[in-house]
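Q: Before I ask anything, here is the structure I am working with.
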Amino acid sequence: MVIIISLVVIGLILFFLFRPPTHKEYPVITAEMFDPPDVPITLAKAKQFYRKVMLETGHLDKQEVGFHADHFSEEIKDELQQLKEKASEYKADITTLRGKLKTQTSLLNKTKDEYDREDIESEIESITGEIEDTTGELDRATAEHKTLQSDKKQYLIDALNNELHGNVK
């Protein structure tokens, strides 16, 4: 009987010593929670807010939070760089497509055969569609880059909600 009581006491002590840390419940973060909600957030302020929330909720302790905040900051910088590179790739693709379009247009002007002209016109139409699609992708990547460059709020909100609640959109 003493052995059983001793094992229970030891078990309880070990449970309370090594239990996983409890996390404070935190609501899903929205842009409206920022005061004022329409003011852009800089990288420094986003990093500061990230640190504050992760400490308040108990998701990170003081020893871990600095590393994770730096990693968060690097993620934003990487995202900006990727968007910039993506925009450059789209620009290069558009330049290549315009070169192909010019070649096909020149070929169309020189061709007299009706069947060949139809094939070339079809190719021109296809290239024109690709240029329009790629231009749309370029515009989206440029807009995303511009938005993230000027305001880190949405990136911060997404990152914190992902850390605190899983993938929340």
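Mapping to my numbering: the sequence shown position 108 is 94, numbers consecutive.
Ideal Cβ positions, reconstructed from N, Cα and C, are used throughout, including at glycine.
#1: Measuring CB to CB, does residue 134 end up less than 9 Å from residue 113?
#2: Going by DSSP, what residue range makes up the alpha helix (DSSP H) through residue 105?
#3: Please state whether the Cβ-Cβ distance between residue 139 and residue 58 is less than 9 Å.
#4: Please list, in chain order, all residues of the same chain as residue 26 whose beta carbon is under 6 Å from its beta carbon, the five residues on each side excluded.
#5: Looking at residue 32: is its Cβ nearer than 9 Å to the Cβ of residue 142?
#6: Look up residue 87 in the DSSP assignment and say whether it is helix, strand or coil.
#7: Given a threshold of 16 other Cβ atoms within 10 Å of its Cβ, counted over all protein chains shown, does residue 101 qualify as buried or as exposed?
#8: Out of curiosity, what's the CA-to-CA distance linking residue 13 and residue 119?
A: Taking the geometry as given:
#1: no
#2: 100 to 136
#3: With respect to residue 58, residue 139 sits apart: the two C-beta atoms are not nearer than 9 Å.
#4: 136, 137
#5: yes
#6: helix
#7: exposed
#8: 39 Å
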